[in-house]
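**Q** Protein sequence lines, in the order shown, are assigned to chains L and P.
Mapping the first sequence onto my numbering, position 366 (from 1) lands on 366, and the numbers just tick up by one.
Mapping the second sequence onto my numbering, position 43 (from 1) lands on 466, and the numbers just tick up by one.
Note that CB positions come from ideal geometry on N, CA and C, so glycine has one too.
One structure follows; several queries about it will come next.
Protein chains: 2
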Amino acid sequence: MSNSFVGRKVCVRGWIYRRSVVGGKAFVRVRDSTGVIQVVVDKKKCGEDIVRTLKDIGLEASVKTCGELVKQPRAPGGYEIQADWFKVVGYSRDFPIKGGEGIDYLLDNRHLWIRSRKLTETMKIKHSVLRAGREYFIENGWWEVTPPILTASAVEGGATLFPVKYFDKTAYLSQSAQLYLEALIYSLEKVWSLTTSFRAEKSRTRRHLAEYWHLEAEAAWYNMEDMMRVAEELVAHIVQYVLEHNRRQLEILGRNLEILKNYVEPPYPRIRYDEAIEILQKKGVNIEWGDDLGADEERVLTMEFDKPFFITHFPKEIKSFYMKLDPENEKLALGFDLLAPEGYGEIIGGSEREDDYNKLLNRIIEQGYNPEDYKWYLDLRKYGSVPHSGFGLGIERLVMWIAGLDHIRDAIPFPRFRGRIYP
Amino acid sequence: MSNSFVGRKVCVRGWIYRRSVVGGKAFVRVRDSTGVIQVVVDKKKCGEDIVRTLKDIGLEASVKTCGELVKQPRAPGGYEIQADWFKVVGYSRDFPIKGGEGIDYLLDNRHLWIRSRKLTETMKIKHSVLRAGREYFIENGWWEVTPPILTASAVEGGATLFPVKYFDKTAYLSQSAQLYLEALIYSLEKVWSLTTSFRAEKSRTRRHLAEYWHLEAEAAWYNMEDMMRVAEELVAHIVQYVLEHNRRQLEILGRNLEILKNYVEPPYPRIRYDEAIEILQKKGVNIEWGDDLGADEERVLTMEFDKPFFITHFPKEIKSFYMKLDPENEKLALGFDLLAPEGYGEIIGGSEREDDYNKLLNRIIEQGYNPEDYKWYLDLRKYGSVPHSGFGLGIERLVMWIAGLDHIRDAIPFPRFRGRIYP
């Protein structure tokens, strides 16, 4: 509502968010997808019946009302509707969420909990994140493609695969569209996709989901540095877009806008894995060259930067077989991670891909996979192979960081993780 | 390439599409994601070695070249590059697709077949279809949401479900996001999602996939007619967008543009199921009131219309439990299908949803489901229920129709159907 409607008749439909009855007047706060407005229902204008009904009505009942919009400094938002008509559409008795419930109870009632302020505002931010991410690719000439979710083989090994009974065979849920995107660069050159990806993570952490949204990109003729530039421009564009379009949501969630503004200007700093290890050792972290960086190590590193930053050139043993090795030092893989600051850690993982048939075959064997499972993927190196690179961005991790959430489950309306499939 | 580049030095990277060597000159057609251009490689300028290499080189080798762009009426596109430098990046020997292969062989080599003209142009059309579809919702104030793929229960019964081993439980791949979108209208009112959906269809047909892209929408306060208007505006907007942006692709695929122009103006005609049965009976089709409309019946009906058209008010027995019954005749469900003309048939299915708790419970029991499996879905009718409607659009069916394909498998790069999981 705004000043231009003051003094005019307006109609609102929504759900009861708060209500109190004082004397012959009910003060009802009605929420809809745009916000909350106070409605005053006076028995003199709307009749005694409705005011009596409102005295006992449960929260979350759905209602329709019309009346004059007036300025009201004491009401939330500064306006109220003085109803001359008020109707209950759908009753509500004992709405199961009253406040103070434990997390498992709230997750069991997620289909109702998603009406909450926090989750609603977060979903609006996610809407912008998805929109801005796609916009970046479309406006820069990348083709959107639709890779499969049901696949015959794994990208990153079998431990975290979900098996599916697929007619008379077993298939697996995709962990990444990467291999398929690689096949598609031979006709479309620069491709991207937005799909769900699945990881059967056994541990429950604040930053893992079993099902998450994955924005992936792959480009022919791009080397690692080209691809890192795409990654940082993409993230900066998304943060900028959210700052422009979701200021209100960010404020409701208590996010510090000044900190976010720091993130809209690429380039982001780059350090090599070697340097990351040095930093960690100086900070007293017990880590050696060759160890993988876990959530704890990432958190320590993020404290050194006030922007997202890249870590590059990892030991090949801790990275996937498909990464190209550094021609200057074949112990290293040309991979990069982009870490979000403020303790959030990895949001993007990418690399230059091995484009030589024999080297790729060796890496597959070296890492203990069966080349037969990668037959078609190897083919891509037999018929006009090209240098190429790509990355994947975890949408919920990005939303978690931008919205300042402390748990990834709130970046998706119906989270999936070990033990959680309902609702 | 265009006139403004004529006489200037240009560089091109791509894959060899055709080549012939005459005397000391190689004529190489190089394709990239934008098209095909002829390159003349003269041994006087580029050396004898490269011309000898090009004599024996396999199709689909990747190359880089630079040279002067000249007008050449005999070359495809009207230009050619007179190379002064030409380099092979990735060789190719015996590219497995030479033309004339059978469909199963081509599907086994889908990772290479997707480089074909037909599939490449179709993917570009799909890119536009997805973009325009999302644009419609975003510009009309609908919120994008991310419903889950892994679910505990079925929307439309268990026969076509894919079971997934989900930690120590069994989950199912989503057939539709509808139930989750319904939960989300209580905070965001108008929501949409674009996800994969899965149906374990046992029969192989020209219009079914086991995995397909599903654009779904759901809105609070919308009745069936409101929702049909959204559906027809959406489809008209997408066709219009493709006509504006993909004329070249449509021409390459041999699509009749004049026919497509017929489809950009809503409203689309509406008939009731009763009328559809009458039309079919008059045409001599052996069908009775109460029978479902299959692909054959749909094909006959599409011949009566030169636009997409709606069929509404179906017998409740052939429609899902969640559809609201027609208050004027409770034998009928307030469901609608949108059928594409030219024999294509159903591309959208939608309905007004039952919003009364007791009626919904009865319908669940009547259709033989267990109310316990729909506990959270029933809850949505207990706490502030509202009238609402929604629909789902099958992206590949829409692409198939717009692009004029004769099989749905070509509307997706890696099709999934019974017997097909590789590559």
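(1) Applying the criterion that 16 or more other CB atoms from any shown protein chain within 10 Å of the CB defines a buried residue, is Phe760/P buried or exposed?
(2) Assign Gly842/P to one of three DSSP states: helix, strand, or coil.
(3) Roughly how many whole angstroms lie between the Cα atoms of Lys592/P and Ala171/L?
(4) Since Gln249/L contacts Ile125/L with CB under 8 Å, what's their CB separation in whole angstroms?
(5) In the structure shown, what three-state DSSP assignment does Tyr686/P receive?
(6) One question on the structure: do Ser128/L and Val242/L come within less than 8 Å of each other, judged by their Cβ atoms?
(7) May I ask you to report which of helix, strand or coil DSSP gives Gly335/L?
(8) Kindly indicate which three-state DSSP category Ile311/L falls into: helix, strand or coil?
(9) Please tell me whether Glu721/P has its Cβ less than 8 Å away from any Cβ of chain L.
(10) If the cut-off is 8 Å on Cβ atoms, which residues from the segment 129-156 of chain L count as contacting chain P, listed in chain order?
(11) What's the C-alpha gap between Gly284/L and Thr312/L?
(12) Report the residue from Gly24/L, Pro76/L and Phe391/L whose alpha carbon sits nearest the alpha carbon of Ile347/L.
(13) Helix, strand or coil: how does DSSP classify Glu449/L here?
(14) Between the segment 754-787 of chain P and chain L, which residues of the former have CB atoms less than 8 Å from a CB of the latter, in chain order?
(15) Report the rounded CA-to-CA distance for Val512/P versus Ser385/L, giving the unit in angstroms.
(16) Which same chain residues, not among the five before or five after Arg516/P, have their C-beta less than 6 Å away from its C-beta?
(17) Look at the alpha carbon of Phe585/P and the alpha carbon of Thr151/L, and state the distance between them as a whole number of angstroms.
(18) Cβ closer than 9 Å: which chain L residues qualify as neighbours of Pro586/P?
(19) Using DSSP with H/G/I as helix, E/B as strand and the rest coil, what is Val22/L?
(20) Identify which residue in His534/P, Ala484/P and Ile504/P has its Cα closest to the Cα of Phe428/P.
(21) Residues of chain L with a CB under 7 Å from the CB of Leu803/P: which are they?
(22) DSSP puts Ile123/L in a beta bridge; with which residues?
(23) What does DSSP give as the partner residues of Gly513/P in its beta bridges?
(24) Chain L beta carbons: is any one of them nearer than 8 Å to that of Lys478/P?
(25) For the segment 30-74 of chain L, list the beta strand (DSSP E) runs that are entirely contained and at least 3 residues long, ordered along the chain.
(26) State the Cα-Cα distance for the pair Glu251/L and Arg557/P, rounded to the nearest angstrom.
(27) Which two residues bound the contiguous alpha helix (DSSP H) that contains Trp213/L?
(28) Less than 8 Å between the beta carbons of Pro836/P and Leu542/P, yes or no?
(29) Please list, in chain order, the residues of the segment 429-457 of chain P that have any C-beta partner in chain A closer than 9 Å.
(30) Could you please give me the residues that DSSP links to Trp15/L through a beta bridge?
(31) Among residues of its own chain, excluding the 5 on either side of Tyr845/P, which ones have a beta-carbon nearer than 8 Å to its beta-carbon?
(32) Please list the partners that Met650/P has in chain L, where partner means a Cβ-to-Cβ separation under 9 Å.
(33) In three-state terms, what does DSSP make of Val164/L?
(34) Which residues mark the beginning and the end of the alpha helix (DSSP H) in which Thr725/P is found?
(35) If we define contact as Cβ-Cβ less than 8 Å, is Gly102/L a contact residue for chain P?
(36) Taking CB distances under 8 Å as the criterion, tell me whether Ser2/L reaches chain P.
**A** In terms of the structure at hand:
(1) As a working mapping, residue 760/P is identified with position 337 in the second sequence. A small correction: the amino acid at residue 760/P is Asp; Phe does not occupy that position in the sequence shown. That one is buried.
(2) By 1-based counting over the second sequence, the position of residue 842/P is 419. In the three-state scheme derived from DSSP, where H, G and I count as helix and E and B as strand, Gly842/P is classed as coil.
(3) Taking the second sequence and counting its residues from 1, one reaches residue 592/P at position 169. Taking the first sequence and counting its residues from 1, one reaches residue 171/L at position 171. Distance between the alpha carbons of Lys592/P and Ala171/L: 17 Å.
(4) Counting from 1 along the first sequence, the entry for residue 249/L is found at position 249. Counting from 1 along the first sequence, the entry for residue 125/L is found at position 125. That pair is a contact at about 5 Å.
(5) In the second sequence, residue 686/P corresponds to position 263, counting from 1. Per DSSP, reduced to three states, the secondary structure at Tyr686/P is coil, with no helix or strand assignment.
(6) Position 128 of the first sequence, counted from the first residue, corresponds to residue 128/L. Position 242 of the first sequence, counted from the first residue, corresponds to residue 242/L. Yes.
(7) Start at 1 with the first residue of the first sequence, and residue 335/L comes out as number 335. Looking at Gly335/L - three-state DSSP - the assignment turns out to be strand.
(8) The count along the first sequence starts at 1 and reaches residue 311/L at position 311. It is a strand residue.
(9) Position 298 of the second sequence, counting from 1, holds the residue named residue 721/P. Under the Cβ distance rule, Glu721/P does not count among the residues neighbouring chain L, no pair being separated by less than 8 Å.
(10) Among the residues of the segment 129-156 of chain L, those with a Cβ less than 8 Å away from any Cβ of chain P are Leu130, Arg131, Arg134, Ile138, Trp143, Glu144, Val145, Thr146, Pro147, Pro148, Ile149, Leu150, Thr151 and Ala152, in the order of the chain.
(11) Looking up residue 284/L in the first sequence gives position 284. Looking up residue 312/L in the first sequence gives position 312. Our two residues, Gly284/L and Thr312/L, have alpha carbons roughly 22 Å apart in a direct line.
(12) What you label residue 347/L is simply residue 347 of the first sequence in a count that begins at 1. Among Gly24/L, Pro76/L and Phe391/L, the Cα nearest to that of Ile347/L is on Phe391/L.
(13) Limits of chain L in this structure are 1 at one end and 423 at the other, which puts residue 449/L out of reach.
(14) Within the segment 754-787 of chain P, the residues whose Cβ lies closer than 8 Å to some Cβ of chain L are Asp778, listed in chain order.
(15) As a first step, residue 512/P must be located in the second sequence, where it is residue number 89. As a first step, residue 385/L must be located in the first sequence, where it is residue number 385. The alpha-carbon atoms of Val512/P and Ser385/L are separated by roughly 7 Å.
(16) For this step, residue 516/P is matched to residue 93 along the second sequence. Taken in chain order, the residues that qualify are Gly481.
(17) Along the second sequence, read from residue 1 onward, the residue named residue 585/P stands at position 162. Along the first sequence, read from residue 1 onward, the residue named residue 151/L stands at position 151. Distance from the CA of Phe585/P to the CA of Thr151/L, rounded to the nearest whole angstrom, comes to 13 Å.
(18) Residue 586/P sits at position 163 when you count from the first residue of the second sequence. Listed along chain L, the residues sitting closer than 9 Å to Pro586/P by beta-carbon distance are Val164 and Lys165.
(19) Here residue 22/L refers to the residue found at position 22 when the first sequence is read from its first residue. Strand.
(20) The residue you call residue 428/P lines up with position 5 of the second sequence. The option with the nearest alpha carbon to Phe428/P is Ile504/P.
(21) The sequence position of residue 803/P within the second sequence is 380, counting from 1. Within chain L, the residues whose beta carbon sits less than 7 Å from that of Leu803/P are His111, listed in sequence order.
(22) Counted from its first residue, the first sequence places residue 123/L at position 123. Checking the sequence shown, residue 123/L turns out to be Met, not Ile. Met123/L is not bridged by DSSP to any residue.
(23) For this step, residue 513/P is matched to residue 90 along the second sequence. Listed as beta-bridge partners of Gly513/P by DSSP are Ser485/P.
(24) Residue numbering aside, residue 478/P sits at position 55 when the second sequence is read from its first letter. No, no contact with chain L.
(25) Within the segment 30-74 of chain L, the complete beta strand (DSSP E) runs of at least 3 residues are 35-42 and 62-71.
(26) As a working note, residue 251/L is residue 251 in the first sequence. As a working note, residue 557/P is residue 134 in the second sequence. Spanning the two alpha carbons is a distance of roughly 27 Å.
(27) Position 213 of the first sequence, counted from the start, is the residue given in the question as residue 213/L. No alpha helix (DSSP H) holds Trp213/L; the beta strand (DSSP E) holding it covers Glu211 to Ala220.
(28) Counting from 1 along the second sequence, the entry for residue 836/P is found at position 413. Counting from 1 along the second sequence, the entry for residue 542/P is found at position 119. Leu542/P is positioned such that its CB atom lies closer than 8 Å to that of Pro836/P.
(29) In summary, chain A is missing from the structure at hand, where the protein chains are L and P.
(30) The residue you call residue 15/L lines up with position 15 of the first sequence. In the DSSP secondary-structure assignment, Trp15/L is bridged to Arg31/L and Ser62/L.
(31) Residue numbering aside, residue 845/P sits at position 422 when the second sequence is read from its first letter. So the list reads Asp531, once near-sequence residues are dropped.
(32) As a working mapping, residue 650/P is identified with position 227 in the second sequence. The contacting residues do not exist; Met650/P stays about 17 Å from chain L at best.
(33) Looking up residue 164/L in the first sequence gives position 164. Strand, per DSSP.
(34) Translated into the one-based positions of the second sequence, residue 725/P becomes position 302. Taken as a continuous stretch (DSSP letters only), the alpha helix (DSSP H) holding Thr725/P covers Ala718 to Thr725.
(35) The residue given as residue 102/L occupies position 102 in the first sequence. No, its Cβ sits nowhere closer than 8 Å to a Cβ of chain P.
(36) The residue given as residue 2/L occupies position 2 in the first sequence. Closer than 8 Å: no.
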